[in-house]
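Counting from 1 along the sequence shown, just add 180 to a position and that's the residue number in the working numbering. A virtual CB, placed ideally from N, CA and C, is assigned to each residue, including glycine. Here the structure is laid out as structure tokens; the discussion comes afterwards.
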Amino acid sequence: AELMETTPVEVIKEFMRGGYMFSINEVVGHDLVVGIAPSFGFEVLPLEAESGAGSIVPSTDDVDPALLEDRPPVVTILGHVDHGKTTLLDTIRKTNVVDGEAGGITQHIGAYQRSRRCARGGAQVTDIAVLVIAADDGIMPQTEEAINHVKAAEVPIVVAINKVDRPEADPERVKRQLAERNLLVEDWGGDVIALPVSALTGDGVNDLLDNLAIVAEVSELKANVGRQARGVVVEARIDRSRGTVATVLVQAGKLHVGDNIVVGNLRGRIRAMQADSGEPVETATPSQPVEILGIRGVPEAGDILEVAKDERSARQLAEARIRQSEIKRAAGPTMEDVHTRIAAGEVKALNLIIKTDVQGTVEAVKGALNGLNTEQSRVNIVHIASGAITESDVLLGMASKAIIVGFNTEPGQGAMALANQEGVEIRHYNIIYNLLEDVELALTGLLEPVY
Ligand code: GDP
Numbered sequence: 181a182e183l184m185e186t187t188p189v190e191v192i193k194e195f196m197r198g199g200y201m202f203s204i205n206e207v208v209g210h211d212l213v214v215g216i217a218p219s220f221g222f223e224v225l226p227l228e229a230e231s232g233a234g235s236i237v238p239s240t241d242d243v244d245p246a247l248l249e250d251r252p253p254v255v256t257i258l259g260h261v262d263h264g265k266t267t268l269l270d271t272i273r274k275t276n277v278v279d280g281e282a283g284g285i286t287q288h289i290g291a292y293q294r295s296r297r298c299a300r301g302g303a304q305v306t307d308i309a310v311l312v313i314a315a316d317d318g319i320m321p322q323t324e325e326a327i328n329h330v331k332a333a334e335v336p337i338v339v340a341i342n343k344v345d346r347p348e349a350d351p352e353r354v355k356r357q358l359a360e361r362n363l364l365v366e367d368w369g370g371d372v373i374a375l376p377v378s379a380l381t382g383d384g385v386n387d388l389l390d391n392l393a394i395v396a397e398v399s400e401l402k403a404n405v406g407r408q409a410r411g412v413v414v415e416a417r418i419d420r421s422r423g424t425v426a427t428v429l430v431q432a433g434k435l436h437v438g439d440n441i442v443v444g445n446l447r448g449r450i451r452a453m454q455a456d457s458g459e460p461v462e463t464a465t466p467s468q469p470v471e472i473l474g475i476r477g478v479p480e481a482g483d484i485l486e487v488a489k490d491e492r493s494a495r496q497l498a499e500a501r502i503r504q505s506e507i508k509r510a511a512g513p514t515m516e517d518v519h520t521r522i523a524a525g526e527v528k529a530l531n532l533i534i535k536t537d538v539q540g541t542v543e544a545v546k547g548a549l550n551g552l553n554t555e556q557s558r559v560n561i562v563h564i565a566s567g568a569i570t571e572s573d574v575l576l577g578m579a580s581k582a583i584i585v586g587f588n589t590e591p592g593q594g595a596m597a598l599a600n601q602e603g604v605e606i607r608h609y610n611i612i613y614n615l616l617e618d619v620e621l622a623l624t625g626l627l628e629p630v631y
């Protein structure tokens, strides 16, 4: 606790969250410390690390401002299917702005258009979210979902009102729909930037890029280029001839061909790297997406890549990560856990993601749950929609520390596996009364005892 500048109580609490009970007098094994240190922003280095003795070092980059350098923004394009994400990305690439601030954006916008994962497992990937909404269609279910993801990740949002070349386009309606979701655009007196564009003709795209550059500048994006490289996996697949191909976004340091790396629980050595233009590169710097070859096994999106000193420490780090993930697995919020934490005054609301069988149920469930709110306790509905529980719901659950409720609906296989792996609780109900009863129980922790 001393080394991490926190109190023993906080450390004990963190162990409890992982299912371990310790008193203040107990000696805790190295392995367990490795597991909890990241929650405090530290990582535990193995004994034979460069510093000589085993040590705990801050894993954040903002230690010494002198070491920080500007970096380009990582932009994610989100929106409903067919609203023009791919077309917009193509147009941006073709715009080919080499000069000026927007240049940095067009060079780095590439890899993320398919990624809905603004944040995953605590790894913040996106700096700015571009929400594409077709002006003829307006806000649709996936737009809604995207908005909730962006809000949960607390990422600045720029709205591209697309397809304004179409006669049916109605940008004002889109603005109104945004306002209904608490996103007030600038001409409505709010601070959300919304720009009319036509991804097809290219109209307004330069203006969009200029605005992205401004948002990026305001965000003062920095990275420590001097530290050992760290990145996050955006996606990974197996290529028949090349083995695992992982797209990694560098977040700090410089990644080199030949580096020994740990990716999630896997390890490897970078055999080759490729920029998103397809060109082979020897090094990659922060905000740059690169495809890397040489990981032994297939990592998952969201896995953290780190560079190790040599093969041996890569192996040790990978083993430590495996133990760490075992601790983490038990750490997602459960309804009982929330009850305890509400009772202890640690959290103030119960975050829920709700999926129902039919649209008609949505309003009924929402109304009934909101009826449970009192002055002291609150249900916070992060997202509610009809349909099966998807992988995207689980990701949102992770980002917002929410419990997922399926009302007469089941999770798909991928969603189930992800939830198990990440320790996100999914609860099923067929009867609204049972759901209300459980939520009320969880919330009672919030209620002050009445004498
Ligand atoms: P995505 O599913 O969001 O990636 O959407 P796409 O980029 O594939 O676009 C879906 C369809 O809308 C395609 O037929 C595009 O040509 C069309 N489209 C995209 N942007 C525009 C636009 O600005 N104007 C018009 N008229 N059509 C567009």
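Taking 8 angstroms as the limit between beta carbons, can you name the residues of its chain near D350, skipping five residues before and five after? A315, D316, G318
Does the distance from the C-beta atom of A579 to that of A332 stay below 8 angstroms? yes
Looking at I533 and L598, is the spacing between their C-beta atoms short of 8 angstroms? no
List in chain order: all unbroken beta strand (DSSP E) runs of 3+ residues lying wholly within the region 533-586. 558-566
The beta strand (DSSP E) that contains E620, what's its start and end? Per DSSP, E620 belongs to no beta strand (DSSP E); it is in the alpha helix (DSSP H), 612-624.
CB of G411 within 8 angstroms of CB of L497, strictly: no
Can you tell me whether T267 sits near the ligand GDP, meaning its C-beta is under 7 angstroms from at least one heavy atom of the ligand? yes
If we ignore side chains and look at the alpha-carbon of each, how far apart do H263 and A309 end up? 15 angstroms
I want to see whether chain B comes within less than 8 angstroms of H563, judged by CB atoms only; does it? No chain B appears in the structure shown, which is made up of a single protein chain.
Three-way DSSP call (helix, strand, coil) for G433 in this model: coil
Could you check what DSSP says for Q496 in three-state terms: helix, strand or coil? helix
The ligand GDP and K144: does the residue's C-beta get closer than 7 angstroms to at least one heavy atom of that ligand? The structure shown has nothing for residue 144, since the chain only spans 181 to 631.
Residue span of the beta strand (DSSP E) that contains M453, given as start and end: 446-455
Can you tell me which residues form a DSSP beta bridge with T427? E415, E471
Reducing DSSP to helix, strand and coil, say where T323 ends up. helix
Spatial neighbours of E182 within its chain, please: C-beta separation below 6 angstroms, excluding the five flanking residues on both sides. none
Between the region 460-470 and the region 424-441, are three or more C-beta pairs nearer than 8 angstroms? yes
Figure out for me which residue from L388, S421, V191 has the closest Cα to the Cα of V255. L388
Could you tell me whether the region 588-605 touches the region 564-572, where touching means 3 or more Cβ pairs closer than 8 angstroms? yes
Close Cβ partners of V413 (< 6 angstroms) along its chain, the five nearest in sequence each way excluded: A426, V428, P479, A481, D483
Which stretch, first to last residue, makes up the beta strand (DSSP E) that contains R353? Element bounds for R353: not the beta strand (DSSP E) but the alpha helix (DSSP H), 351-360.
How many whole angstroms separate the CB atoms of I337 and T323, which I take to be in contact at a CB cut-off of 8 angstroms? Not confirmed; about 12 angstroms, so no contact.
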